[in-house]
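Just so it is clear: in the sequence shown, position 79 is 112 by the working numbering, and no numbers are missing.
To keep things clear, I will list the structure first and then write my remarks on it.
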Amino acid sequence: MRTGTIVGVNGNHLTVEFAGTVAQNEVAYALLDTLRLKAEVVRVRGRCADLQVFESSAGLRVGDLVEFTGEPLAAELGPGLLGQIYDGLQNPLHALAERDGFFLQRGAYLPALDETRRWPFAPIVKPGMVVAAGDMLGTVPEGVFQHRVMVPFDLRGRWRVVEMAAAGDFRVHETVAVVRNEAGHELPLSLAFRWPVKQAIRLYRERLAPTEPLITQIRILDSLFPVARGGTYCIPGPFGAGKTLLQQLTSRFAQVDIVIIAACGERAGEVVETIRDFPQLTDPLTGRTLMERTIVVANTSSMPVAAREASVYTAVTMAEYYRQMGLDVLLLADSTSRWAQAMRERSGRLEEIPGEEAFPAYLESVIADFYERAGCVRLRDGRIGSLTIGGTISPAGGNFDEPVTRATLKAVGAFHALSRERADARCYPAVDPLESWSRYPGVIPAERLRQLRRLLTKAHEIGQMMKVVGEEGTPLADFILYLKGEFFDAVYLQQNAFDPVDAATPAARQQCVFALLEDLLAARFALNNRDEAREFFQRLRLHVLELNHAPWESAAFAEQFRRIRDFAAGQCESAGLAAVAGPLRLALVETPLEAEIYRAPRMKPATKADLAMRPPDETDHP
Numbered sequence: 034m035r036t037g038t039i040v041g042v043n044g045n046h047l048t049v050e051f052a053g054t055v056a057q058n059e060v061a062y063a064l065l066d067t068l069r070l071k072a073e074v075v076r077v078r079g080r081c082a083d084l085q086v087f088e089s090s091a092g093l094r095v096g097d098l099v100e101f102t103g104e105p106l107a108a109e110l111g112p113g114l115l116g117q118i119y120d121g122l123q124n125p126l127h128a129l130a131e132r133d134g135f136f137l138q139r140g141a142y143l144p145a146l147d148e149t150r151r152w153p154f155a156p157i158v159k160p161g162m163v164v165a166a167g168d169m170l171g172t173v174p175e176g177v178f179q180h181r182v183m184v185p186f187d188l189r190g191r192w193r194v195v196e197m198a199a200a201g202d203f204r205v206h207e208t209v210a211v212v213r214n215e216a217g218h219e220l221p222l223s224l225a226f227r228w229p230v231k232q233a234i235r236l237y238r239e240r241l242a243p244t245e246p247l248i249t250q251i252r253i254l255d256s257l258f259p260v261a262r263g264g265t266y267c268i269p270g271p272f273g274a275g276k277t278l279l280q281q282l283t284s285r286f287a288q289v290d291i292v293i294i295a296a297c298g299e300r301a302g303e304v305v306e307t308i309r310d311f312p313q314l315t316d317p318l319t320g321r322t323l324m325e326r327t328i329v330v331a332n333t334s335s336m337p338v339a340a341r342e343a344s345v346y347t348a349v350t351m352a353e354y355y356r357q358m359g360l361d362v363l364l365l366a367d368s369t370s371r372w373a374q375a376m377r378e379r380s381g382r383l384e385e386i387p388g389e390e391a392f393p394a395y396l397e398s399v400i401a402d403f404y405e406r407a408g409c410v411r412l413r414d415g416r417i418g419s420l421t422i423g424g425t426i427s428p429a430g431g432n433f434d435e436p437v438t439r440a441t442l443k444a445v446g447a448f449h450a451l452s453r454e455r456a457d458a459r460c461y462p463a464v465d466p467l468e469s470w471s472r473y474p475g476v477i478p479a480e481r482l483r484q485l486r487r488l489l490t491k492a493h494e495i496g497q498m499m500k501v502v503g504e505e506g507t508p509l510a511d512f513i514l515y516l517k518g519e520f521f522d523a524v525y526l527q528q529n530a531f532d533p534v535d536a537a538t539p540a541a542r543q544q545c546v547f548a549l550l551e552d553l554l555a556a557r558f559a560l561n562n563r564d565e566a567r568e569f570f571q572r573l574r575l576h577v578l579e580l581n582h583a584p585w586e587s588a589a590f591a592e593q594f595r596r597i598r599d600f601a602a603g604q605c606e607s608a609g610l611a612a613v614a615g616p617l618r619l620a621l622v623e624t625p626l627e628a629e630i631y632r633a634p635r636m637k638p639a640t641k642a643d644l645a646m647r648p649p650d651e652t653d654h655p
């Protein structure tokens, strides 16, 4: 064991003088009486190394010893990760609480995997077969999945299986196979192995473009600002705008196999709520507890700041591990702003040249490297796995022009901007439909979305004008256009998170309801004045909200669908009505702007006959 001597202490930053060789990202332990405080080498300069301690460094003095392990900061990968709650260094918090109480002790570390539990191992390969890094040796059941036991990712070249254990129960570190390379070196393999957290896993045949939508069952995301399977997205917003709530509901209803939550510097109360609620939630995909396919990496704001960076990389490494099994994984990082603040603090103690707002000059490259670890890949055995990464951002005062937000926007494929105004109005989710964007395809064709966004933009402009001139100074046609925008926002862009039906909307239902709303928005209604228009759209809103609470493909859904069509058809403009109107002011909901918006065949103004169609059946579902 190589040792060094502390020559400088600055908070959790140590300057250590050493002899021999020390590598960046190497793990070291600062010795304080009987404690061994874990640290990481962040910079090497000549015979001195700069270390960041993942614990409180109180009590460390110049002259104290530091032990270098020669190993990088790594995560332990194997069966038993699912359902666990770890800190940033992959210590199981439940086991720590059972051993040391509910207050974390300095220098307390435990193995990430239960070393006493036995797993029923079923071998796949036989002696004499040739394997390489990432190849499957066998399987063990883990929850609802067959956990693939793989050859360690750091093995180079081809290895021949010399010995292979028969089917049976094994602990994670018991030998299940022995392999030999061409040089004659033999290596025992177990159910688990380690991998450096800051090194991406690239054991795949091909990297695929993220084109398949990841269905979150949140309408405004799936329809307007979709996320692709294997893509990236960010959720910036001020404090209290609902970032954590949106991520939690996404983790529950998103159509993925594994969910990993990295609480990076999040408030302890929110993390505790997640830890308390997840074991009690029923997984809509499996019917079992949601925690069975979830991993939580908790590094709260009350924990050491230095471990925030480690928590992010530990989480993404475990996510890549399950992606290598051909599974779809969703990683939610909350919040990347606090991760960036930890980098700023470390950079300041290293006396590096600061960038904007004292963040390190390499902030953009670090954030880009993190999001680039997402992707959809074809593995060597032909399976396709994906890792989708979504991160929240907490800009001070909701200012999206600050460095962390700007750096993230350059790296992600979708931008879900949360609005303070919408959050204060109790809109869920508080995603701003005018500020947000996405580069990925969704469940609604792009051409129809462009037309809808133009409608929403015009309705917003009219709303801003009405704040100045009032309703009386607004033309009736413009006022109706404003009501249409409000109507679509209330019945489609917002969801009732407490309603068991409306909280999650399947893709087929989104397509069906969106087509209905297109017809309603394009229809020409005979309205006499603002009061009549306001009452009509209010009643129409109530009808559609009742539709949102009706179970999908049920008799109640079909009946309410028919009622909406009948109600709208009763107010729809017709030639006969127009001919006898005389002096009656007839407001046709088709301004010159709308005529341009709805020029596409799908968006042509609907007639009374169109709206009075039969109730929906299976043919209505795209």
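Each residue gets a CB set at the ideal place from its N, CA and C atoms; glycine is no exception.
Practice task
Pull up the DSSP beta-bridge partners for Leu-489, would you.
Solution key: Counting from one through the sequence shown, the residue named residue 489 turns up at place 456. Paired residue(s): none; Leu-489 is not in a bridge.
Exercise for the section: Find out if the Cβ-Cβ distance for the pair Val-289, Val-362 is shorter than 8 Å. Expected result: As a working mapping, residue 289 is identified with position 256 in the sequence shown. As a working mapping, residue 362 is identified with position 329 in the sequence shown. For Val-289 and Val-362, yes; Cβs fall inside 8 Å.
Practice task
Starting from the Cα of Cys-81, find the closest Cα among Ala-301, Val-42 and Tyr-119 and give me that residue.
Solution key: Taking the first residue of the sequence shown as 1, we reach residue 81 at position 48. Residue nearest to Cys-81 within the set Ala-301, Val-42 and Tyr-119 is Val-42 (criterion: CA-CA distance).
Handout entry: Exposure label - Phe-531; buried when at least 16 CB within 10 Å
Key = Taking the sequence shown and counting its residues from 1, the one referred to as residue 531 is at position 498. With a 10 Å radius around the Cβ and a threshold of 16 neighbouring Cβ atoms, Phe-531 comes out exposed.
Handout entry: Cβ shell of Arg-658 (< 7 Å), same chain only, five flanking positions each side left out
Key = Shown here, the chain extends from 34 to 655; a query on residue 658 therefore has no answer.
Handout entry: Three-pair Cβ contact test at 8 Å for the region 267–277 versus the region 475–489
Key = Counting Cβ pairs under 8 Å, fewer than three are found: no touch.
Practice task
Could you check what DSSP says for Gly-53 in three-state terms: helix, strand or coil?
Solution key: As a first step, residue 53 is located in the sequence shown; it is residue number 20 there, counting from the start. Three-state DSSP puts Gly-53 in coil, outside helix and strand.
Handout entry: Cutoff 6 Å; reference Val-613; Cβ partners in own chain excluding five residues on either side
Key = One-based indexing of the sequence shown puts residue 613 at position 580. For Val-613, the predicted structure reports a pLDDT of 27, less than 50, and the residue's modelled location is therefore unreliable. The matter cannot be settled from this model.
Exercise for the section: Determine the contact status of Val-194 and Lys-159, defining contact as a CB-CB distance below 8 Å. Expected result: As a working mapping, residue 194 is identified with position 161 in the sequence shown. As a working mapping, residue 159 is identified with position 126 in the sequence shown. In this structure, Val-194 lies near Lys-159, with their beta-carbon atoms less than 8 Å apart.
Problem - For Ala-541, the three-state DSSP class (helix, strand or coil) - result: If you number the sequence shown from 1, residue 541 lands on position 508. Correct three-state label for Ala-541: helix.
Handout entry: Inter-residue Cα distance where the pair is Asp-367 and Glu-303
Key = Your numbering for residue 367 matches position 334 in the sequence shown. Your numbering for residue 303 matches position 270 in the sequence shown. Asp-367 and Glu-303: Cα-Cα distance of roughly 11 Å.
Practice task
May I have the straight-line CA-CA distance separating Ala-225 from Arg-596, to the nearest angstrom?
Solution key: Locating residue 225 in the sequence shown gives position 192, where the first residue counts as 1. Locating residue 596 in the sequence shown gives position 563, where the first residue counts as 1. Looking at the backbone, the Cα of Ala-225 and that of Arg-596 are separated by about 59 Å.
Practice task
Inspect the CB distances between the region 394–410 and the region 237–245 and report whether three or more fall short of 8 Å.
Solution key: A contact between stretches requires three or more CB pairs, one per stretch, nearer than 8 Å, and the region 394–410 meets this requirement with the region 237–245.
Exercise for the section: Rounded to whole angstroms, what's the CA-CA distance from Glu-627 to Leu-279? Just pull it up for me. Expected result: In the sequence shown, the residue the question calls residue 627 occupies position 594. In the sequence shown, the residue the question calls residue 279 occupies position 246. With a pLDDT of 39 at Glu-627, under the threshold of 50, the modelled position of that residue is not reliable, and no figure is offered here.
Practice task
Could you tell me whether the Cβ atoms of Met-324 and Leu-110 are closer together than 8 Å?
Solution key: Residue mapping note: residue 324 aligns to position 291 of the sequence shown, counting from 1. Residue mapping note: residue 110 aligns to position 77 of the sequence shown, counting from 1. Taking a C-beta distance under 8 Å as the contact criterion, Met-324 and Leu-110 do not qualify as a contact pair.
Problem - Given 8 Å, three or more beta-carbon pairs between the region 339–350 and the region 302–322 - result: No contact exists between the region 339–350 and the region 302–322.
Practice task
Could you tell me the boundaries of the alpha helix (DSSP H) in which Arg-196 lies?
Solution key: The residue given as residue 196 occupies position 163 in the sequence shown. Here the sequence assigns Glu to residue 196, which means Arg is not the residue at that position. For Glu-196, there is no enclosing alpha helix (DSSP H); the residue is found in the beta strand (DSSP E) stretching over 192–197.
Exercise for the section: Label Asp-457 either buried or exposed according to how many other C-beta atoms from any shown protein chain fall within 10 Å of its C-beta, with 16 as the threshold for buried. Expected result: On the sequence shown, residue 457 is found 424 positions in, with the first residue counted as 1. Its Cβ having fewer than 16 others within 10 Å, Asp-457 is exposed.
Exercise for the section: Note down the Cα distance separating Pro-655 from Asp-255, rounded to an integer number of angstroms. Expected result: Sequence index remark: in the sequence shown, residue 655 carries index 622 (1-based). Sequence index remark: in the sequence shown, residue 255 carries index 222 (1-based). At Pro-655 the pLDDT is 33, less than 50, meaning the model places this residue with poor confidence; the figure from the coordinates comes in the next sentence. Looking at the two C-alpha atoms, the distance is approximately 15 Å.
Problem - Between the CA atoms of Met-183 and Ala-166 - distance to the nearest angstrom - result: As a position in the sequence shown, residue 166 is number 133, starting the count at 1. As a position in the sequence shown, residue 183 is number 150, starting the count at 1. Computed Cα separation, rounded: 8 Å.
Exercise for the section: For Thr-347, name the three-state secondary structure that DSSP assigns. Expected result: The residue labelled residue 347 in the question sits at position 314 within the sequence shown. In this structure, Thr-347 counts as helix in the three-state DSSP scheme.
Exercise for the section: Assign Ala-340 to one of two classes, buried (16 or more other C-beta atoms within 10 Å of its C-beta) or exposed (fewer than that). Expected result: For the purposes of this step, residue 340 is taken as the residue at position 307 of the sequence shown. Buried, since its Cβ has 16 or more Cβ neighbours within 10 Å.
Practice task
Taking the CB atoms as reference points, tell me whether Glu-100 and Leu-64 lie closer together than 8 Å.
Solution key: Reading the sequence shown from its first residue, position 67 is the one you call residue 100. Reading the sequence shown from its first residue, position 31 is the one you call residue 64. For Glu-100 and Leu-64, yes; Cβs fall inside 8 Å.
Practice task
Grab the span of the alpha helix (DSSP H) containing Asp-457 for me, first residue to last.
Solution key: In the sequence shown, the residue the question calls residue 457 occupies position 424. Annotation for Asp-457: the continuous alpha helix (DSSP H) segment containing it runs 453–457.
Handout entry: Whole-angstrom distance between Leu-222 and Thr-208, CA atom to CA atom
Key = One-based indexing of the sequence shown puts residue 208 at position 175. One-based indexing of the sequence shown puts residue 222 at position 189. If I take the Cα positions, the gap works out to 5 Å.
Practice task
Please say whether Ala-450 and Ser-469 have beta carbons closer to each other than 8 Å?
Solution key: The count along the sequence shown starts at 1 and reaches residue 469 at position 436. The count along the sequence shown starts at 1 and reaches residue 450 at position 417. Cβ atoms of Ser-469 and Ala-450: closer than 8 Å.
Handout entry: Glu-148 classed as buried or exposed, judged by whether at least 16 other C-beta atoms fall within 10 angstroms
Key = Residue 148 sits at position 115 when you count from the first residue of the sequence shown. Exposed.
Practice task
Scan the region 259–341 and note each continuous alpha helix (DSSP H) run of 4 residues or more that stays entirely inside, going in chain order.
Solution key: DSSP runs (the alpha helix (DSSP H)) wholly in the region 259–341: 276–286 and 301–310.
Practice task
Kindly identify the DSSP beta-bridge partner or partners of Ala-72.
Solution key: If you number the sequence shown from 1, residue 72 lands on position 39. Within the DSSP secondary-structure output, Ala-72 pairs in a beta bridge with Ala-61 and Val-86.
Exercise for the section: Starting from His-180, trace the alpha helix (DSSP H) both ways and give me its first and last residue. Expected result: Position 147 of the sequence shown holds residue 180. Where His-180 is concerned, there is no enclosing alpha helix (DSSP H), although the beta strand (DSSP E) around it starts and stops at 178–183.
Practice task
Give a yes or no on whether the C-beta atoms belonging to Ile-386 and Ala-373 are separated by under 8 Å.
Solution key: To locate residue 386, count along the sequence shown from 1; it is residue 353. To locate residue 373, count along the sequence shown from 1; it is residue 340. Ile-386 is not a Cβ neighbour of Ala-373, given a cutoff of 8 Å.
Problem - Supposed contact pair Ile-253 and Leu-526 - C-beta distance, whole angstroms, cut 8 Å - result: Taking the first residue of the sequence shown as position 1, residue 526 is located at position 493. Taking the first residue of the sequence shown as position 1, residue 253 is located at position 220. Confirmed, Cβ separation roughly 5 Å.
Handout entry: Start and end residues, beta strand (DSSP E) containing Ala-155
Key = Your numbering for residue 155 matches position 122 in the sequence shown. Counting along the chain, the beta strand (DSSP E) containing Ala-155 begins and ends at 152–156.
Practice task
Assign Met-34 to buried or exposed, taking buried as 16 or more other Cβ atoms, counted over all protein chains shown, within 10 Å of its Cβ.
Solution key: Numbered from 1 along the sequence shown, position 1 holds the residue referred to as residue 34. Exposed, because fewer than 16 other Cβ atoms sit within 10 Å of the Cβ of Met-34.
Exercise for the section: Taking Leu-363 as part of the beta strand (DSSP E), name the residues at either end of that continuous run. Expected result: In the sequence shown, the residue the question calls residue 363 occupies position 330. From DSSP, the beta strand (DSSP E) with Leu-363 extends over 361–367.
Handout entry: Beta-carbon spacing of Val-292, Arg-262 below 8 Å
Key = For this step, residue 292 is matched to residue 259 along the sequence shown. For this step, residue 262 is matched to residue 229 along the sequence shown. Taking 8 Å as the Cβ cut-off, Val-292 and Arg-262 do not qualify as a contacting pair.
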